[in-house]
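Trainee:
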Amino acid sequence: MNQKKRGPVLTGAHYLDGDHACAEGAIAAGCRFMAGYPITPSTEVAERLAERFPKIGGTFIQMEDELASIAAVLGGAWSGAKAMTVTSGPGFSLMQENIGLGVMTETPCVVVNVQRGGPSTGLPTLTGQQDMMQARWGSHGDYEIIALSPSSPQECFDLTVTCFNLSEKYRVPVMFMMDECVGHMTEKVVIPAADEIEVWPRRWYRGPKDKYLPYEPDKDGVPPMIRAGDDHRVHITGLTHDQRGYPIITAECQHLCVSRLSDKIRNNADDLMIVKEEQIEGADVVVVAYGISARVATKAIGDARKKGIKVGFLRLITVWPFPEKKIRELAGKVKCLVMPEINLGQMYREMDRAAGGKCKTLLVPHCGGWVHDPNDILKAILEGAK
Amino acid sequence: MNPNQLIGKRGTADSHPMEDFLRMDRMPHIWCSTCGLGTVLTAFIGAVQESAIPREDVVVVSGIGCTGRAAGYLKYDSFHTTHGRAIPYATGLKVANPRLKLCLISGDGDLVSIGGNHLIHAARRNMDLTVICVNNFNYAMTGGQAAPTTPQTAQATTAPYGAFERPFNIPFLVDSCGATYVARWTALHVRQLTVAIKEALLHRGFSFIEVISPCPTVYARRNRLGSGLDLMKFYHDHSITKNFASTRECDIKFQQDIIVGKFVQKEEPTYLDMMDAQMKKTLGAKFVPYVGPMDPAKDK
Amino acid sequence: MKYWRKPLDAESKKAPHGNVHVIFERCKGCGFCIAYCPKQVLEVSDEYNRKGYHPPVVAHPENCVNCRLCEALCPEFAIWNTLDEKEATAEPGPVKEGR
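Residue numbers (the working numbering), protein chains in the order written: chain A, 497 to 882; chain B, 7 to 306; chain C, -12 to 86.
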């Protein structure tokens, strides 16, 4: 056992599962506050942080339910901490109201959903990708959200850091849409040295305290933030509010308040888009996939290429905001877009809508509980190439 | 502290002494004439001043309802959160920055009904929060629906033939869950309430004060109890001060005597005390106490 | 004020005197201050303010002892006392005995 004293970041090569890698990613990003509630298959993230935090100066509190967890995370963020919670489908449903509060009050935080088979109690120990639409539309009212999807334990580490960075830059809760397969899959995870990991600071307000307006946006549409306890005497509410944070119950204020919340994400969709492309140029069929389904699709793509089909691969890392522009552009150049997902068609609807009828779109659905049979994806590719 | 002492900053001829602690740009507040909530605010502001807690440390968190609007009128860092979730939100603020003094001002429906689970756990943990629960026996903001505090036979819009459920005895509830400071006063007992809030603020651990307050427009009107002033006169004639009474006996029946006073006051380790002690005991030198929230001066 | 028996230091003590300030337009006519002033200093005014309420009028300003109960009870932050410093140094007056 290496007795050398080292910082919190677990630099080195490790053999970790996705849940554990996510916890390490949070630590590397500077998260030192976590409030959670156990739910399979996300519990390991909370357990690892419960074990690691007291040795690195973090604080973990197990709350009484998921509603309390997300509320505590929002409170922790307003105290000035980088805050995170983890859950799965049923807990994610419980958290929606306060995710809405996080969006409305522009609170930076990360919500990890290690998806499992649903609906309802469903398949607690088996995989699914069935909360993808819920990540975007789960809370009531109009809003935009950022959601990322990892395909490997390495990405569980890397993208957790990205989630924290994006939540700080855009002052919005970021949904990290893992799935049980990626969460419980053990692979090599390389954690760089702490100074090699890019961690973005919070957008702190640095002007005179009495002139602070909590919702006066900077040029990119995002307002700077403060923390409670620094004598700004700020008022934060979930009611529709003006730049001072005071509730104004009128249609005009609603328009100003709510449209900016959506615009700050929509107008920056290009900046937020993270995708991995492979052999898209000249392809007849492009497979668009995310999460564990993307891993399975690589087998089907390989088989199809052996049969001489020109197949490209677009792996989505940012799932929300959905890369509409990219899909629209691609739809004009290919015969077919194929999307395998472990659900009955969620992100597929977005892809189909964005394609706008310019090409064929095919869904390879799966009810959940296991990953696709690559042959089903291969069949769809062959169908699309006709 | 003697309740008869003059409490809080003294005024000048030109302005009310509490204006500096209120968001005067949002006045007048929305509360009805003869509602007791404004009085609860004067008690709160007076208590904060008397406690000498630095102003920047005071954070007010409220939920949804008439009482929930209190956060919007107080000029401290204030958070108006979702229905029932003020307590876990405040828990997050406290645990992430233990220096802060968390004051919750919320209503009976918000704290005890939808927020009930959070209430019992915060009391169980002896989380260092000061909770002021204003009890007007119904959900007033939404028009007077029955609440878990509505006394039997009282009228409410969702109990049009009279409430028949047994209501909560809130001091008993929080006492049994482990609250370490429990008191009940009415809006009329404004001096005792101010002293109680001050004690609760300075108390380490979960402090809970129930404030019986008149609701003229809804509860009183539906039950033909007159105006808020008539209810204050009722409190005057029917409250019995019994400090350190057993909370078991403090239930409230419709238009009958109300026991008020400070019921529980004990010193016990708080959640953070217990957490640090346990970590030190098990981890020894390896324990790294919580580093605190990010510092804007260093986070660049 | 009537005393049960004359206090032993009545000759040297004098109750303070306070001035009552009312922000006429802020009042919402709850009546708490009028009902609970221990010296019956306030009465309901006949005038209306802009909100349509009858604010209190300081009917007996000489009786105010700066107890600040009206200030504490007022839900609208519309009434408060200030100590009348001049009066505080004046000579004590006679004390009336009796129940």
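Just so it is clear, CB atoms sit at the ideal spot from N, CA and C, and this is done for glycine as well.
Cα separation between B/Thr136 and A/Ser755?
Mentor: In the second sequence, residue 136 of chain B corresponds to position 130, counting from 1. In the first sequence, residue 755 of chain A corresponds to position 259, counting from 1. One C-alpha to the other measures close to 37 Å.
Trainee: Using 10 angstroms around the beta-carbon of A/Gly853, count the other beta-carbons present and answer buried if the total reaches 16, otherwise exposed.
Mentor: For the purposes of this step, residue 853 of chain A is identified with residue 357 of the first sequence, where counting begins at 1. Exposed, because fewer than 16 other Cβ atoms sit within 10 Å of the Cβ of A/Gly853.
Trainee: Can you find the residues in the same chain that come closer than 6 Å, C-beta to C-beta, to B/Lys259, ignoring five residues on each side of it along the sequence?
Mentor: Sequence index remark: in the second sequence, residue 259 of chain B carries index 253 (1-based). Here the set comprises Pro157.
Trainee: Please classify C/Arg37: does DSSP put it in a helix, a strand, or coil?
Mentor: Against the third sequence, residue 37 of chain C aligns to sequence position 50. In this structure, C/Arg37 counts as coil in the three-state DSSP scheme.
Trainee: So what does A/Met835 bridge to, in DSSP terms?
Mentor: To locate residue 835 of chain A, count along the first sequence from 1; it is residue 339. DSSP, once it has assigned bridges, lists A/Leu859 as partnering A/Met835.
Trainee: In this structure, how does DSSP classify B/Arg105 when only helix, strand and coil are distinguished?
Mentor: One-based indexing of the second sequence puts residue 105 of chain B at position 99. In the structure shown, B/Arg105 sits in coil (DSSP, three-state: anything other than H, G, I, E or B).
Trainee: Measuring CB to CB, does C/His4 end up less than 8 Å from C/Trp67?
Mentor: For the purposes of this step, residue 4 of chain C is taken as residue 17 along the third sequence, with counting starting at 1. For the purposes of this step, residue 67 of chain C is taken as residue 80 along the third sequence, with counting starting at 1. It is not a contact, given that the beta carbons lie outside the stated cut-off.
Trainee: Have a look at A/Val834, A/Gly521, A/Val599 and flag the residue whose alpha-carbon is nearest the alpha-carbon of A/Leu757.
Mentor: Counting from 1 along the first sequence, the entry for residue 757 of chain A is found at position 261. Checked all of A/Val834, A/Gly521, A/Val599; the closest Cα to A/Leu757 is A/Val599.
Trainee: Could you tell me if A/Glu640 is buried or exposed, where buried requires 16 or more neighbouring beta carbons within 10 angstroms of its beta carbon?
Mentor: Stepping through the first sequence from its first residue, residue 640 of chain A is reached at position 144. Flag for A/Glu640 reads buried.
Trainee: With 8 Å as the C-beta to C-beta threshold (strictly closer), list the residues of the segment 533 to 547 of chain A near chain B in chain order.
Mentor: none
Trainee: Can you look up A/Ala509 in the DSSP assignment and give me helix, strand or coil?
Mentor: The count along the first sequence starts at 1 and reaches residue 509 of chain A at position 13. Three-state DSSP puts A/Ala509 in a strand.
Trainee: Under the three-state reduction of DSSP, which class applies to A/His737: helix, strand or coil?
Mentor: Position 241 of the first sequence, counted from the first residue, corresponds to residue 737 of chain A. Looking at A/His737 - three-state DSSP - the assignment turns out to be strand.
Trainee: Please classify B/Arg227: does DSSP put it in a helix, a strand, or coil?
Mentor: The sequence position of residue 227 of chain B within the second sequence is 221, counting from 1. Here B/Arg227 sits in helix by DSSP.
Trainee: Using CA coordinates, which residue listed in B/Cys72, B/Lys304, B/Phe269 is at the minimum distance from B/Ala202?
Mentor: Walking along the second sequence from the start, residue 202 of chain B turns up at place 196. Checked all of B/Cys72, B/Lys304, B/Phe269; the closest Cα to B/Ala202 is B/Phe269.
Trainee: So, does the CB of B/Cys41 fall closer than 8 Å to a CB anywhere in chain C?
Mentor: The residue you call residue 41 of chain B lines up with position 35 of the second sequence. Yes, its Cβ sits closer than 8 Å to a Cβ of chain C.
Trainee: Taking only three categories from DSSP, how would you classify A/Thr621?
Mentor: Taking the first sequence and counting its residues from 1, the one referred to as residue 621 of chain A is at position 125. Here A/Thr621 sits in strand by DSSP.
Trainee: Check this for me: beta carbons of A/Arg811 and A/Ala785, under 8 Å apart or not?
Mentor: One-based indexing of the first sequence puts residue 811 of chain A at position 315. One-based indexing of the first sequence puts residue 785 of chain A at position 289. Taking a C-beta distance under 8 Å as the contact criterion, A/Arg811 and A/Ala785 qualify as a contact pair.
Trainee: Please report the distance separating the alpha-carbon of A/Trp633 from that of B/Phe27.
Mentor: Locating residue 633 of chain A in the first sequence gives position 137, where the first residue counts as 1. Locating residue 27 of chain B in the second sequence gives position 21, where the first residue counts as 1. Cα to Cα, the separation comes out at about 39 Å.
Trainee: Should A/Ala568 and B/Pro94 be called a contact, given that it needs their Cβ atoms to be closer than 8 Å?
Mentor: Here residue 568 of chain A corresponds to residue number 72 of the first sequence, with the count starting at 1. Here residue 94 of chain B corresponds to residue number 88 of the second sequence, with the count starting at 1. In this structure, B/Pro94 lies closer than 8 Å to A/Ala568 by Cβ.
Trainee: Short check: CB of C/Glu30 to CB of C/Ile21, under 8 Å?
Mentor: In the third sequence, counting from the first residue as 1, residue 30 of chain C sits at position 43. In the third sequence, counting from the first residue as 1, residue 21 of chain C sits at position 34. Contact flag set, yes.
Trainee: Here's the rule: buried if 16 or more other CB atoms are within 10 angstroms of the residue's CB, otherwise exposed. What is B/Cys38?
Mentor: Residue numbering aside, residue 38 of chain B sits at position 32 when the second sequence is read from its first letter. Burial call: buried.
Trainee: By the 10 Å Cβ neighbour count, where 16 or more other Cβ atoms means buried, how is A/Leu833 classified, buried or exposed?
Mentor: Within the first sequence, the letter at position 337 stands for residue 833 of chain A. Result: buried.
Trainee: Which same chain residues, not among the five before or five after B/Gly298, have their C-beta less than 7 Å away from its C-beta?
Mentor: Looking up residue 298 of chain B in the second sequence gives position 292. Here the set comprises Asn103.
Trainee: Go ahead and label A/Gly778 buried or exposed: buried means 16 or more other beta carbons lie within 10 angstroms of its beta carbon, across all protein chains shown.
Mentor: Residue 778 of chain A sits at position 282 when you count from the first residue of the first sequence. The residue in question, A/Gly778, is exposed, as its Cβ has fewer than 16 Cβ neighbours within 10 Å.
Trainee: Using only CA atoms, which one of B/Glu216, B/Pro275, B/Asn249 lies nearest to B/Gly115?
Mentor: For the purposes of this step, residue 115 of chain B is taken as the residue at position 109 of the second sequence. The candidate whose alpha carbon is nearest that of B/Gly115 is B/Glu216.
Trainee: Select from the segment 82 to 113 of chain B all residues with a C-beta closer than 7 Å to any C-beta belonging to chain A, and list them in chain order.
Mentor: Listed in sequence order: Tyr82, Asp83, Ser84, Phe85, His86, Thr87, Thr88, Arg91, Pro94, Tyr95, Ala96, Thr97, Gly98, Leu99, Val101, Ala102, Asn103, Arg105, Leu106.
Trainee: CB-CB under 6 Å to A/Ile744, same chain, minus the five flanking residues each way: which ones, in chain order?
Mentor: As a position in the first sequence, residue 744 of chain A is number 248, starting the count at 1. These residues qualify, in order along the chain: Asp738.
Trainee: Under 8 Å by Cβ, that's how I've got A/Met580 and A/Leu563 pegged, so tell me the actual separation to the nearest angstrom.
Mentor: Locating residue 580 of chain A in the first sequence gives position 84, counting from the first residue. Locating residue 563 of chain A in the first sequence gives position 67, counting from the first residue. Actually they are not in contact, since the Cβ atoms of A/Met580 and A/Leu563 sit about 16 Å apart, beyond 8 Å.
Trainee: Whole-angstrom Cβ separation of A/Pro704 and A/Ile732, contact assumed at under 8 Å?
Mentor: Along the first sequence, one-based indexing puts residue 704 of chain A at 208. Along the first sequence, one-based indexing puts residue 732 of chain A at 236. A/Pro704 to A/Ile732, Cβ: 19 Å. No contact.
Trainee: Looking at the C-beta of C/Cys61, does it have a partner C-beta in chain B at a distance below 8 Å?
Mentor: Looking up residue 61 of chain C in the third sequence gives position 74. At least one chain B Cβ lies under 8 Å of C/Cys61.
Trainee: If we ignore side chains and look at the alpha-carbon of each, how far apart do B/Ser213 and B/Asp301 end up?
Mentor: The residue labelled residue 213 of chain B in the question sits at position 207 within the second sequence. The residue labelled residue 301 of chain B in the question sits at position 295 within the second sequence. Looking at the two C-alpha atoms, the distance is approximately 29 Å.
Trainee: For B/Ile13, which residues in chain C fall below 8 Å Cβ to Cβ?
Mentor: The sequence position of residue 13 of chain B within the second sequence is 7, counting from 1. Correct list: Arg55, Ala59.
Trainee: Just verifying my parser: in three-state terms, what is the DSSP assignment at A/Ile877?
Mentor: Numbered from 1 along the first sequence, position 381 holds the residue referred to as residue 877 of chain A. In this structure, A/Ile877 counts as helix in the three-state DSSP scheme.
Trainee: Verify whether the separation of the beta carbon atoms of A/Tyr666 and A/Val730 is less than 8 Å.
Mentor: As a working mapping, residue 666 of chain A is identified with position 170 in the first sequence. As a working mapping, residue 730 of chain A is identified with position 234 in the first sequence. Going by C-beta atoms, A/Tyr666 is not nearer than 8 Å to A/Val730.
Trainee: Looking at C-alpha atoms only, which residue of A/Gly808, A/Met673, A/Asp561, A/Asp726 is the closest neighbour of A/Thr814?
Mentor: Along the first sequence, one-based indexing puts residue 814 of chain A at 318. The option with the nearest alpha carbon to A/Thr814 is A/Met673.
Trainee: Which residues of the segment -1 to 20 of chain C have a Cβ closer than 8 Å to any Cβ of chain B? Give them in chain order.
Mentor: Flagged, chain order: Asn6, His8, Ile10, Arg13, Lys15, Gly16, Cys17, Gly18, Phe19.
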